[in-house]
Amino acid sequence: MLPTIAEDRLLAAIYWLGAFCTLGILTILYAENRLYRLLEHFFIGLAVGYGLFIAIRDVLEPVWWRAMMTESSGVIANFDKSPNLKGVVLDRTIKREGDGAWRWSPRESPRLLLTKVPTDWGAPNYLRLWLRSDKIVPDGMLTLRIRLRNPDTQKEASLTTQLPTNFVGWREFLLDLRRDFHITGEPYRRFEKVGRYRVLSGVTALELVANPAVQQAGVVIHLDDWRHCIGYRWWWAFAFVWGLLFYTVLIPRFAWMSRMALSVLMGLGAGYTFKAFVLEAGPQIYSSIKPVFGVPFKTAVNNAIFVTVLLCVMTYFFFSIEHRHPAIRAPARLGRWLLMLTFGIVFGNTVMGRFSLFIGRLDFLILQNPLTISVAWKALLVIAIAFALFFLAYLSVRWERQKQGVT
Amino acid sequence: MDDFARWLVRFQDIDRRYIYLAVAAALTLPIVLQLRMPQIPTPPTQAAFKAVENVPDEKVVLIAADFDTGTVGENGPQLRAVLEHLMRRKKKFVILSLIAPQGVTIAELYARTIGEKHGYKYGRDYVNLGYLPGGAPTLERMGRSVWETFPTDTKRIPLSELPMMRQVRSAQDISLVAIFTGSGVLPAYVQTFWAQFKVPLIEGCTGIIVPELFPYMEAKQLVGILPGLKGAAEYEALLQQNGLGMRGMVAQSVAHALVIILILLGNLGMWLSRRPSAQRL
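For the record, the sequence lines run as chains Y and L.
Heads up: take any position in the first sequence, counting from 1, add 897, and you land on this note's numbering.
Heads up: take any position in the second sequence, counting from 1, add 166, and you land on this note's numbering.
Quick look at the structure:
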């Protein structure tokens, strides 16, 4: 059995490992050395491993594998608790799942209203209901109605279907919400729709009504395990096959197949780019056309500078006319200077960004240090460790040079 | 004078490691001495602050943590400042990432540590939807149905079982998207959340991509920007908080002053070495 480690000790150990790795990586500032290379590989391996783990855990497993391999259902009712309804009792002997099932006698109470059901059903594809009948009623029919109040329209709506009672024992009903139900009003949410899945929310009750034939037959109906389901998305298996086509590039004989997958991806990308260009660049082009007259003085000056810079830089990149005429050459030259100014700003920001990263590390090394000593002592401790690691780097470089015969 | 000129000429050949050491010292000393300097918030940061301030209570904020440990020095303080603001105002938020698996982990860690102070509870006040690649098509799908796009959160809890997510169904339930990134992920959000779902965007970015963002701000596709560590410091100033942004900006300023002095000395040395009289030096 592994020894128990206190959480604060573990956190301190993680901190010091992080501090060691940070300072070790920084030894690159002295020279390329073995300690740096070791830690660099360590970091890259860690990042790749973590990325792979997250890709499997957060993407492939829940979004693809589980959706393909499981029913993705949500419980409407499990009928495990005693109902407070006339003609219905909890039966712990005859059940499908859980602690029990509801034993309903339609003769006593022909209408059963379930109000304590989840209101949000997500985007179900079908309902899965378990019903049990103790005898066949040839003309019997149960009417199932889903009552809801659409949050978008704030109006009542319902989905209704008929369930025959021509069976004995348990029977599983798989009811397609689009095909098997009669719709009254607008039950689906207006805004949410993904492919063929449409969202049902604001469900207020489920109603089960027995027709006269069922009532007169004196049949006993058991109810258990009702669910709304999205279903198995088996067609997602094709995504795997399609993904595999990318790897055929490794087998020369089948390498041509990879082009099929690639071409579809490129086609999708190109198609999306058209849309993206209109949505993204359109407003930016529109906002570039600025008034210079008829606006306050300050705005006019700002707009004039903006338009001048825009035109000069565009002239620099306009190669259809040779840049010989002074009317083209002068603005193009100014455009080049303005571009250089912009690149200078970008470079300045890059330097600031690098400093920020170092400041972030300093914050980690000095201010987040778990030791209960003053900041100055923490800084001295970090400097001492850094000195030791840089000395190691120096020894590593000297050893390598000696090995290579370089003085 | 000749000695100084000679020193300036030689200064051009100084070992770069001395410069590294000087810059490291310039950055470290203000941090150790915990020096402060006032920050004057610029309009892009003020606009971002105002956008967070105006988030209605019934809607949530989408935190796009599209950064990893490589840019945490800049994006980290920005995100912490915005989370502090959201929690002070008791706003709910949802975390996700399109490009950086580490981003959501870092963001949740921040949310947990800052949330302890404000009594925030996972599932009730914030949710981590995790990392889902796919760019704009993923966001478009999410904008139409959050539940369909993210069946569960990172803890494998179905969204229908998280109290906060019962109200978060589509882009209609999101009032602001706050993006934190060091990459060019913004177009995906502009094409979907801004253009199609009319949700305003703010971005906390690394210093290097700040110039790229101003056309977006000019076109009102971005409501506000937190530019680099300075953006974080300005946001902290608006919050009247002393965070890493405020602490770091003194170090930034000292290091910038040092770099400017070094550039001036180097250029002066180069100018002197090119003079005809340089042979004497």
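Note that CB positions come from ideal geometry on N, CA and C, so glycine has one too.
Fair warning: this is a prediction, and the values are worked out from it, not measured in the lab.
Residues sharing a beta bridge with residue i, DSSP
i: Trp999/Y; result: Leu987/Y, Leu1120/Y
i: Val1106/Y; result: Arg1008/Y, Thr1040/Y
i: Val1100/Y; result: Leu1045/Y
i: Ala230/L; result: Leu262/L, Ile345/L
i: Gln244/L; result: BP columns for Gln244/L are empty, so no partner.
i: Pro1023/Y; result: Pro is not the amino acid found at residue 1023/Y; the sequence shown has Tyr there. Looking at the DSSP assignment, Tyr1023/Y forms a beta bridge with Asp1073/Y, Cys1126/Y.
i: Arg1068/Y; result: Leu1028/Y
i: Gly971/Y; result: His1125/Y
i: Thr194/L; result: DSSP lists no partner for Thr194/L.
i: Glu1053/Y; result: Arg1046/Y
i: Tyr297/L; result: Ser263/L
i: Ile1080/Y; result: Leu1056/Y
i: Pro1035/Y; result: DSSP lists no partner for Pro1035/Y.
i: Leu912/Y; result: At residue 912/Y the sequence reads Tyr, which differs from the Leu that was named. None, per the DSSP bridge assignment.
i: Pro324/L; result: Thr318/L
i: Tyr286/L; result: Paired residue(s): none; Tyr286/L is not in a bridge.
i: Tyr1085/Y; result: Leu1097/Y
i: Pro1306/Y; result: Residue 1306/Y is absent from the structure shown; chain Y starts at 898 and stops at 1304.
i: Tyr292/L; result: Phe259/L, Tyr288/L
C-alpha gap between residue i and residue j, whole angstroms
i: Leu987/Y; j: Ala998/Y; result: 6 Å
i: Tyr1213/Y; j: Pro1188/Y; result: 23 Å
i: Met1249/Y; j: Lys216/L; result: 26 Å
i: Arg1124/Y; j: Tyr292/L; result: 28 Å
i: Leu926/Y; j: Ile1182/Y; result: 44 Å
i: His284/L; j: Met253/L; result: 6 Å
i: His1079/Y; j: Arg1095/Y; result: 16 Å
i: Ala928/Y; j: Val425/L; result: 22 Å
i: Tyr286/L; j: Arg255/L; result: 12 Å
i: Leu881/Y; j: Gly946/Y; result: In the structure displayed, chain Y extends from 898 to 1304; residue 881/Y sits before or after that span and is not available.
i: Ala214/L; j: Arg1008/Y; result: 57 Å
i: Arg1004/Y; j: Arg1029/Y; result: 16 Å
i: Leu1262/Y; j: Leu193/L; result: 13 Å
i: Leu1041/Y; j: Leu1060/Y; result: 7 Å
i: Leu1147/Y; j: Thr372/L; result: 38 Å
i: His1119/Y; j: Ile280/L; result: 51 Å
i: Gln1334/Y; j: Ile368/L; result: Residue numbering for chain Y in the displayed model covers 898 to 1304; residue 1334/Y lies beyond these limits and cannot be assessed.
i: Ala1107/Y; j: Asp977/Y; result: 22 Å
i: Thr1239/Y; j: Val389/L; result: 23 Å
i: Gly289/L; j: Pro353/L; result: 29 Å
i: Val1272/Y; j: Glu274/L; result: 28 Å
i: Gln1112/Y; j: Val985/Y; result: 14 Å
i: Phe1171/Y; j: Val1161/Y; result: 16 Å
i: Trp1018/Y; j: Ala909/Y; result: 46 Å
Distance cut-off 7 Å: residue i Cβ against heavy atoms of the ligand ADP
i: Pro393/L; result: For the structure depicted, the ligand ADP is absent and the ligand set is empty, with no information on it obtainable.
Taking a cut of 9 Å between CB atoms, which residues from the region 961 to 983 of chain Y lie near chain L?
Arg963, Ala964, Ser969, Gly971
Note down, one range per segment and in chain order, each alpha helix (DSSP H) of at least 4 residues found wholly within the region 336 to 393 of chain L.
352 to 355, 376 to 384
Tell me which residues of the region 1136 to 1156 of chain Y have at least one Cβ-Cβ distance to chain L shorter than 8 Å, keeping chain order.
none
Check distances from the C-beta atoms of the region 182 to 195 of chain L to those of chain Y and list, in chain order, the residues that come in under 7 Å.
Arg183, Tyr186, Leu193, Thr194
Could you tell me whether the region 1284 to 1299 of chain Y touches the region 399 to 406 of chain L, where touching means 3 or more Cβ pairs closer than 8 Å?
no
Should the region 1147 to 1154 of chain Y be regarded as contacting the region 363 to 378 of chain L, the criterion being three or more beta carbon pairs within less than 8 Å?
no
Between the region 1163 to 1183 of chain Y and the region 341 to 351 of chain L, can you find at least three pairs of beta-carbon atoms closer than 8 Å?
no
Chain-ordered residues of the region 1170 to 1183 of chain Y with a beta carbon less than 8 Å from chain L:
Lys1172, Ala1173, Leu1176, Glu1177, Pro1180, Gln1181, Tyr1183
Any chance the region 1257 to 1267 of chain Y sits against the region 223 to 243 of chain L, with 3 or more Cβ pairs inside 8 Å?
yes
Quick check: the region 1032 to 1046 of chain Y against the region 988 to 996 of chain Y, are there 3 or more CB pairs under 8 Å?
no
Examine the Cβ distances between the region 316 to 327 of chain L and the region 196 to 204 of chain L and report whether three or more of them are shorter than 8 Å.
no
Curious, which full-length alpha helix (DSSP H) runs of at least 4 residues does the region 1217 to 1275 of chain Y contain?
1223 to 1259
So, does the region 420 to 439 of chain L touch the region 174 to 186 of chain L, judging by three or more C-beta pairs under 8 Å?
Yes, since at least three Cβ pairs between the region 420 to 439 of chain L and the region 174 to 186 of chain L fall closer than 8 Å, the two stretches touch.
Check distances from the C-beta atoms of the region 1007 to 1028 of chain Y to those of chain L and list, in chain order, the residues that come in under 9 Å.
Cβ contacts with chain L: Pro1015, Thr1016, Asp1017, Trp1018, Gly1019, Ala1020.
Is it a yes or a no for the region 1069 to 1083 of chain Y touching the region 957 to 971 of chain Y, going by three-plus beta-carbon pairs under 8 Å?
no
Got a sec: which bits of the region 1252 to 1269 of chain Y sit with their beta carbon under 8 Å from any beta carbon on chain L, in order along the chain?
Per Cβ criterion, the list reads Phe1252, Ser1253, Leu1254, Phe1255, Ile1256, Gly1257, Arg1258, Leu1259, Asp1260, Ile1263, Leu1264.
Three Cβ pairs or more, each shorter than 8 Å: is that satisfied between the region 1133 to 1152 of chain Y and the region 1068 to 1079 of chain Y?
no
Cβ contact check for the region 1226 to 1241 of chain Y and the region 1197 to 1209 of chain Y: 3 or more pairs under 8 Å:
Cβ pair count under 8 Å is three or more, so yes.
Residues within the region 917 to 945 of chain Y neighbouring chain B, beta-carbon criterion of under 7 Å:
Going by chain labels, chain B is absent from the structure shown, which instead holds the protein chains Y and L.
Against chain L: residues of the region 985 to 997 of chain Y by CB proximity under 8 Å
none
Counting only Cβ-Cβ distances shorter than 7 Å, please list the residues of the region 361 to 376 of chain L near chain Y, keeping chain order.
Ala361, Thr372, Gly373, Ile374, Val376
Any contact of the region 259 to 269 of chain L with the region 288 to 306 of chain L, i.e. 3+ C-beta pairs under 8 Å?
yes
With 7 Å as the limit, tell me which residues of the region 1266 to 1299 of chain Y have their beta carbon closer than that to any beta carbon of chain L; keep them in chain order.
Val1272, Ala1273, Ala1276
In the region 294 to 307 of chain L, which residues sit with their C-beta less than 8 Å from some C-beta in chain Y, listed in chain order?
Gly296, Tyr297, Leu298, Pro299, Ala302, Pro303, Arg307
Chain-ordered residues of the region 194 to 223 of chain L with a beta carbon less than 8 Å from chain Y:
Thr194, Ile197, Val198, Gln200
Touching or not, the region 222 to 230 of chain L and the region 331 to 348 of chain L, by the rule of three or more beta carbon pairs under 8 Å?
Put simply, the region 222 to 230 of chain L touches the region 331 to 348 of chain L. At least three CB pairs are less than 8 Å apart.
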